[in-house]
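Enquirer: Top line first, the protein sequences correspond to chains A and P.
For what it's worth, my numbering labels the leading residue of the first sequence as 8, then goes sequentially.
For what it's worth, my numbering labels the leading residue of the second sequence as 8, then goes sequentially.
C-beta: ideal position from N, C-alpha, C; glycine also.
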Amino acid sequence: MTQQKDPGQQPSRRLLLGGALGAAGALAVGGAGFATGRATASEPGDPIASQVPFYGKHQAGISTAAQDRLAFAAFDVTATDRVALMHMLGMWAAAASRMTQGLEIGPVETHPQAPPADTGEAMGLHAANLTITVGFGPSLFDNRFGLAGKRPAALEPLPALPGGVLRRELSNGDIGVQACSDDPQVAFHAIRNFARLARGTAVMRWSQLGFGKTASTSQAQATPRNLMGFKDGTRNIKNDDTADLDEYVWVGNETDQPWMRDGSYLVTRRIRMLIENWDTDYLADQENVFGRFKDSGAPLTGKHEFDTPDFAAKDKDGKPVIDTRAHIRLAAHENNNGIRILRRGYSYTDGIDPVTGYLDAGLFFIAFQKNAHEQFAVLQRRLGKHDNLNEYIQHTSSALFACPPGLSAPGDWWGKELFGA
Amino acid sequence: MTSRRPALALLTLALIPGLAACGSSGDKKASSSDSAHGASNRAAITITADKGCSIDNSTLAAGGIDFTVKNVDATAVSEVEVLSGDRIVGEKENLPPGFNGTFSITANAGDYTLYCPGASTEKSPLKVTGKSAAADGSSAALASQASKGYANYVNTQVGYLLANAKALNTALQGTDLTAAQAAYAKARPFYEKIEPVAESFPGLDGAIDARADGVPATSLTGFHRIEYGLFKVKSLKGLAAYGAGLVKNVQKLQTRTDALAKQDLPYQLTELANGAQGLLDEVASSKITGEEERYSHIDMLDFANNDEGAEQAFAQLTPILEKSDPALTKQIQDQFDALNTLVEKYRDAAEPSGYVLYTKLTKADKRKLAAAVKAVQEPLSKVASKVAG
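#1: Assess, as a yes-or-no matter, whether the stretch 125-145 of chain A is touched by the stretch 51-60 of chain A under the definition of 3 or more beta carbon pairs within less than 8 Å.
#2: Work out the CA separation of W213(A) and R174(A) for me, nearest whole Å.
#3: Leaving out five residues before and five after A202(A) in sequence, what residues of the same chain have Cβ atoms less than 6 Å from its Cβ?
#4: Give the range of the beta strand (DSSP E) segment to which F79(A) is assigned.
#5: Note down, in chain order, all residues in the stretch 109-129 of chain A with a beta-carbon under 9 Å from any beta-carbon belonging to chain P.
#6: If the cut is a Cβ gap below 7 Å, which residues of chain P does H334(A) touch?
#7: CB T225(P) to CB A214(P), shorter than 8 Å?
#8: When you compare each of P119(A), R89(A) and M93(A) to F490(A) by their alpha carbons, which one comes out closest?
#9: Any beta carbon of chain A sitting closer than 8 Å to that of A334(P)?
#10: Three-state secondary structure (DSSP) at L28(A)?
#11: Could you check the C-alpha separation between G369(A) and G285(P) for me, to the nearest Å?
#12: Can you find a C-beta in chain P that's less than 8 Å from the C-beta of S57(A)?
#13: List the whole-angstrom C-beta distance separating L366(A) from I282(A), where the pair is believed to meet the contact cut-off of C-beta under 8 Å.
#14: With DSSP as the reference, label K377(A) as helix, strand or coil.
#15: Please classify D57(P) as buried or exposed, where buried requires at least 16 neighbouring CB atoms within 10 angstroms.
#16: Would you call N176(P) buried or exposed, if buried means 16 or more other Cβ atoms sit within 10 Å of its Cβ?
#17: Taking the straight line between their C-alpha atoms, what separation do you get for F218(A) and A194(A)?
#18: Given a limit of 7 Å on CB to CB distance, which residues of the stretch 94-116 of chain P reach chain A?
#19: Closer than 8 Å, CB to CB, is K373(P) near chain A or not?
#20: Given a cut-off of 8 Å on the beta-carbon distance, is the pair L179(P) and L243(P) in contact?
#21: Could you give the DSSP three-state label for V274(A): helix, strand or coil?
#22: Beta strand (DSSP E) containing Y119(P): first to last residue?
#23: If you follow the beta strand (DSSP E) that K134(P) is in, where does it begin and where does it stop?
#24: Please report how far the alpha carbon of P164(A) lies from the alpha carbon of T277(P), in whole angstroms.
#25: Shorter than 8 Å from the beta carbon of Q342(P) to some beta carbon of chain A?
#26: So D366(P) contacts chain A; which residues on that side make the cut at Cβ distance below 8 Å?
#27: Please return the same chain residues whose Cβ sits closer than 6 Å to the Cβ of V390(P), not counting the five positions on each side in sequence.
#28: Find out if the Cβ-Cβ distance for the pair P316(A), I335(A) is shorter than 8 Å.
#29: Quick check: is the beta carbon of P124(P) nearer than 8 Å to any beta carbon in chain D?
#30: Which value, in whole angstroms, describes the spacing of the CA atoms of E289(P) and Q270(P)?
#31: Give a yes or no on whether the C-beta atoms belonging to A187(P) and L237(P) are separated by under 8 Å.
#32: Could you compute how far the alpha carbon of V240(P) sits from the alpha carbon of Y353(P)?
#33: Buried or exposed, going by whether 16 or more other CB atoms sit within 10 Å of the CB of Q258(P)?
#34: Rounded to whole angstroms, what is the Cα-Cα separation between N260(A) and P333(P)?
#35: Can you give me the Cβ contacts of Q261(P) inside the same chain, cut-off strictly under 7 Å, excluding the 5 residues immediately before and after it?
#36: Counting C-beta neighbours from all protein chains within 10 Å, is the total for D63(P) 16 or more, i.e. buried, or is it exposed?
In structure tokens form, the structure reads like this:
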């Protein structure tokens, strides 16, 4: 793999990560160029190995290995014609099946007098593990498209939760699209072409780019760090935990809407970090906030990252080693009646705050679960009230989408069962 | 159909036509009885990933012909066209896998091509035999009619532009600032309607309509120099010369457009389509941003007239486009209607321009207007290729 191409160089941490994945290359995840990022993503390699299958029981981009880059967009449907919306979703499905194979969505050289079908900026780039995941927001299920009776109970809009100063224009939406890839241009290309196919039918309501993954969803991936410099997500659900996925992530027979079976509920939260404040916080307090050591990522009661935190442990003064308001304590499933979610967030920056000049950066939090009201909302109610971290973060956007199951084959499209087509 | 085909197989399919991985039954019932007797007036087209575009009947009877189209699983294909040479005589668009549709053509006897861009087999021959009862309007005659119709529209607008430029010039020679401001707003629409035509004459557009982008407003000569004086400096001082210059330049424009109109095909049909697109590009790039009328803020007036000019150019093409693609024609007309309805909401009789000032628009207003413009532009971008040749 990468090391073989450049034998004289000492492997860096990033390259070692690539090597570890290479060894795990037999997984569905594929290995070439993964996690080594842009440097190898655009080099000629094995185009097949860097593909995540688009068709399947579940949508890709949920339990499949987290890629390095994110392009997310929420759309509002402007058309009032149900058929136009169905066509758009059909065009999206066909386009996604092509792009996830590293192909253009349609022929480029056709009529000299017509714009090409594909915008072209991903030509020559591999799929770079592109996944495209689509979900429907609560607002789609009003009277416009005859879907009012099809809204699952679990798609009730999220209630107001502590810790949020939400900006409406960055929140919610009729349809959410998550494009993840190891190449940012490939991810952007997917969203751009979706927006283009949507014109006249739907408009982008908001969009978010993420430049670095903050969660690993595979045992083969090391836990990445967030912009606070911490490993947060060590105990995430991994893609080989089939039992956990079935219990916490995939919608099962309990749903009141059969079209959602094998789907999942997606929550996004744009969590701005008050980075300048954080940067002046002293090390012991930073570690106290998270409940982990900054360097190793080990819990304050352990030595290694994956050591199980001992929430009962006391120091010599009888105080809990892991603070009562530490992030890992409040978020731990042991302390939340076993509630777990699958996290898949990305670090973002949108430049600077025009008023203060401070960095506008943080975590674009993404979580998948069986029922966001019983999972994410319960956790956030607790975290938003008590978490030490609240001093340094602010939730600025929120959205909930119902992601239907995966598409079976060409000819299937997102919402086909929902629309009864 | 297997529920999860390996990516490799799909990729191979796209590259090697005819290599089958999964069968497809297709839809054969539409015209099997007709085709048994030879020429028929209907045919069923089935699009699959492995076989591409197949038709159950490739010999058809002259006259009206109805096609049904079904896209089974070809992800790279979303449209079907029937070509006569390079000219599109009929088509169905917006047909992703899992959907079906219909379209009709009126064809004389001859050789045609069934074209499915992106399919594993893109083109296959079609034969039309016999005599058509209804005579088809010749495409050359339709083209000439459209081109002359647009030339007539352009010349009418240029005539109004000249009259209003003269009135503006008269006001600029006087002492009434308010009257001159009103005269400015009256003259603007006629230029905004036909701007792409003026742009085709190098130098004229700049002399008449250049904006202070990167150059001081005082170095300009046309409308926007006058706008700067009337609305920014708020004085008539020194503007008389620019008024006279504007009249002279509009007269030059009229000489050119008059000469063009005498030709058999004054404007190419692709120029009409691209001109309409160009006007909407103008709206998106400089009206929604308030850059065009940065001193007077009457951008919504320009917006409405760019829109009208685009719709008029498109309207000349509809008799041609309707023959080959009635669905697209209707889609564009509907989107123009939606845009017009939206623009109408910004009328304000109390303003000299007749529209609310740009400074009164909210962010949400601008975003809605921008989306409505793009909703016209995306389908409109397909028109040039369909009326070409």
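Expert: Short version:
#1: Using a C-beta cut-off of 8 Å, the stretch 51-60 of chain A makes contact with the stretch 125-145 of chain A, since at least three inter-stretch Cβ pairs fall below that distance.
#2: The alpha-carbon atoms of R174(A) and W213(A) are separated by roughly 11 Å.
#3: Taking A202(A) as the centre and dropping the five residues before and after it, the same chain places the C-beta of M211 closer than 6 Å to its C-beta, in chain order.
#4: DSSP places F79(A) in the uninterrupted beta strand (DSSP E) bounded by R76 to V84.
#5: Residues of the stretch 109-129 of chain A that bring their beta carbon within less than 9 Å of a beta carbon in chain P comprise G109, L110, E111, I112, G113, P114, T117, H118, P119, Q120, A121, P122 and A124, in sequence order.
#6: Listed along chain P, no residue sits closer than 7 Å to H334(A) by beta-carbon distance, the nearest being about 36 Å off.
#7: It is not a contact, given that the beta carbons lie outside the stated cut-off.
#8: This structure leaves residue 490(A) out entirely; chain A is present only between 8 and 428.
#9: Output row for A334(P): interface = no.
#10: Bear in mind that the predicted position of L28(A) carries a pLDDT of just 36, short of 50, making it too unreliable to give a figure here.
#11: Distance between the alpha carbons of G369(A) and G285(P) is about 40 Å.
#12: Not one chain P Cβ lies under 8 Å of S57(A).
#13: The Cβ separation is near 5 Å, so the contact holds.
#14: In this structure, K377(A) counts as coil in the three-state DSSP scheme.
#15: By the neighbour-count criterion, in which a residue is buried when 16 or more other Cβ atoms sit within 10 angstroms of its Cβ, D57(P) is buried.
#16: Buried, since its Cβ has 16 or more Cβ neighbours within 10 Å.
#17: Between the C-alpha atoms of F218(A) and A194(A) there is a straight-line separation of about 11 Å.
#18: Cβ contacts with chain A come from N101, P103, P104, G105 and F106.
#19: Judged by the 8 Å Cβ criterion, K373(P) is not in contact with chain A.
#20: A contact, by the Cβ cut-off of 8 Å.
#21: Strand.
#22: Segment G117 to Y122, the beta strand (DSSP E) holding Y119(P).
#23: Annotation for K134(P): the continuous beta strand (DSSP E) segment containing it runs K130 to T136.
#24: The alpha-carbon atoms of P164(A) and T277(P) are separated by roughly 49 Å.
#25: Chain A contact via Cβ: present.
#26: Before going on, a small fix: residue 366(P) reads as Thr here, not Asp. The contacting residues do not exist; T366(P) stays about 20 Å from chain A at best.
#27: Only A280 meet the Cβ criterion.
#28: For the pair P316(A) and I335(A), the CB atoms are nearer than the 8 Å cut-off.
#29: No chain D appears in this structure, whose protein chains are A and P.
#30: Answer to the nearest angstrom: the Cα atoms are 28 Å apart.
#31: Against a cut-off of 8 Å, the Cβ pair of L237(P) and A187(P) comes out as a contact.
#32: Cα to Cα, V240(P) sits roughly 27 Å from Y353(P).
#33: Here Q258(P) is exposed. Its C-beta has fewer than 16 other C-beta atoms within 10 Å.
#34: Roughly 46 Å separates the two Cα atoms.
#35: Within the same chain, Q261(P) has close Cβ partners V165 and L169.
#36: Buried, by the Cβ-count rule.
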